[in-house]
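Student:
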Amino acid sequence: MPELPEVEVVRRGIEPYLSGATLHNVEVHHERVARRFAGTADDLARQLEGQTVTTVERRGKYLWATLGEDTRSILFHLGMSGQILVDENHLPQRAHTRLHAQIGADTFLSFVDQRTFGYVTIDNLVPTVSTLDPTIVRFVPSLAAHIAPDLLEPAFDLEEVARTIRSRRVPIKTALLNQEIVSGIGNIYADEALWQARVHAARLASGLSYATIREILQAAQEVMQRALNVGGTSFDNLYVNAAGEPGYFARSLAAYGKAGTPCPRCQSLLERCVVGGRSHTYCPNCQKVPRRNR
DNA sequence: CCAGAGACCTGAAGGC
DNA sequence: TGCCTTCAGGTCTCTG
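Taken in order, the first sequence gives residues -9 to 284; the numbers are from the numbering used here.
1) I'd like to check one pair, Gly10 with Val43: are the Cβ atoms closer than 9 Å?
2) Could you tell me whether any non-hydrogen atom of the ligand GDP is closer than 8 Å to the CB of Val279?
3) Between the Cα of Glu47 and the Cα atoms of Val0, Leu75, Asp103, which residue gives the shortest distance?
4) With a floor of 4 residues, list each alpha helix (DSSP H) that falls wholly inside the segment 177 to 254, ordered by position along the chain.
5) With a threshold of 16 other CB atoms inside 10 Å of the CB of Lys278, please say whether the residue is buried or exposed.
6) Taking the runs of the beta strand (DSSP E) that are 3 residues or longer, which of them lie wholly in the segment 69 to 121?
7) Check the DSSP bridge columns for Asp140 and list the partner residues they point to.
8) Rounded to whole angstroms, what's the CA-CA distance from Glu149 to Arg281? Just pull it up for me.
9) Quick one: what does DSSP say Pro280 is sitting in, helix, strand or coil?
10) For Phe66, count the other beta carbons within 10 Å of its own beta carbon; 16 or more makes it buried, fewer makes it exposed. Which is it?
11) Determine the extent of the alpha helix (DSSP H) in which Arg156 is found, giving its start and end residues.
12) Quick check on Arg284: buried or exposed, where buried means 16 or more other Cβ atoms within 10 Å of its Cβ?
13) Rounding to the nearest angstrom, what Cα-Cα distance links Gln169 and Gly94 in this structure?
14) Which stretch, first to last residue, makes up the alpha helix (DSSP H) that contains Val(-1)?
15) Span of the beta strand (DSSP E) holding Thr164?
16) What number of angstroms, rounded off, separates the C-alpha of Gly69 from the C-alpha of Thr118?
17) Classify Glu59 as helix, strand or coil using the three-state DSSP reduction.
18) Look up Leu13 in the DSSP assignment and say whether it is helix, strand or coil.
19) Rounded to a whole number of angstroms, what is the C-alpha to C-alpha distance between Leu218 and Gln37?
20) If I'm right that Glu261 touches Pro252 with Cβ under 8 Å, what's the distance once you round it to whole angstroms?
21) For Glu39, does the three-state DSSP call read helix, strand or coil?
22) Give the straight-line distance between the Cα atoms of Arg268 and Glu59, rounded to the nearest whole angstrom.
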């Protein structure tokens, strides 16, 4: 579910509450939420107890709170249905609450996740170096060290990413969704960027020009920035910000999930197909289906 | 090394 | 009113 804009909205929402906060009365309610932790859910709760957060950071769809001496972090991944909620009213715990902690006199943090594809763990921070400039070093949790910088961070190297994409004999959409090439893009913003750049998802990455690949990446940056400005994309109550409120970008989507409705550019009816195992919505007029990929 | 399929979950929506 | 199938914003791991 949540892609870069949604995770960034959550990060901005929890940062004012979590920076400088100490965790107390930590409860972890489900073994699956702790599956990336070397121990049980109870062990995780015990190790989180009394930890003090320094900063709240994000790369792509991974979100973490740095701890004390800045060598460790609490890592969150929201998966398909994860939410992080801050509650200042002593509300009863919601269904699917996987982790609950007190972070202030009357303030509580909940990790809620219906489908349990998300997780929480404690993870060491390791250095990563930007291909753009070797002096740009960023410490990220070891479980996020394999992913590339995201489209909105200073370490993002447009030319290098375009070269990597062009070296892959996979559908362009598969390359965009590969977090090891560029992180933060998910199914919504991949479809939106491809629609904006007028490229069909099944076109082979290796068959596109650098100019086209740059155009797609810039479209992804632009659409994500617009989504961020309005709080992200919500279709239902599965994506909400830290206060439990939805984002408003769904009304601005051009393609994602809109098969059968007119293309906002040419009025042809949008169609749906499957590329790389994921649903793809496209305009058959603006985004020509490849006949033969080379 | 790389690409593709399957696995991991819960719940909503649509067909019969 | 069910019951069954399909689908959903994402990784991760195994196979060939």
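We put the CB at the ideal spot given by N, CA and C, even for glycine.
Tutor: In terms of the structure at hand:
1) yes
2) With respect to the ligand GDP, the structure offers nothing, as it holds no ligand at all.
3) Val0
4) 177 to 186, 200 to 219
5) exposed
6) 72 to 77, 87 to 94, 97 to 103, 109 to 119
7) Ser173
8) 28 Å
9) coil
10) buried
11) Looking at the DSSP string, the run of the alpha helix (DSSP H) that includes Arg156 is 148 to 156.
12) Caution applies to Arg284, whose pLDDT of 42 falls short of 50 and renders its modelled position unreliable; the value that the coordinates give is listed next. Classification of Arg284: exposed, given that the 10 Å Cβ count is below 16.
13) 35 Å
14) -6 to 8
15) Per DSSP, Thr164 belongs to no beta strand (DSSP E); it is in the alpha helix (DSSP H), 162 to 167.
16) 23 Å
17) coil
18) coil
19) 33 Å
20) Not quite, the Cβ-Cβ distance comes to about 12 Å (not below 8 Å), so this is no contact.
21) coil
22) 41 Å
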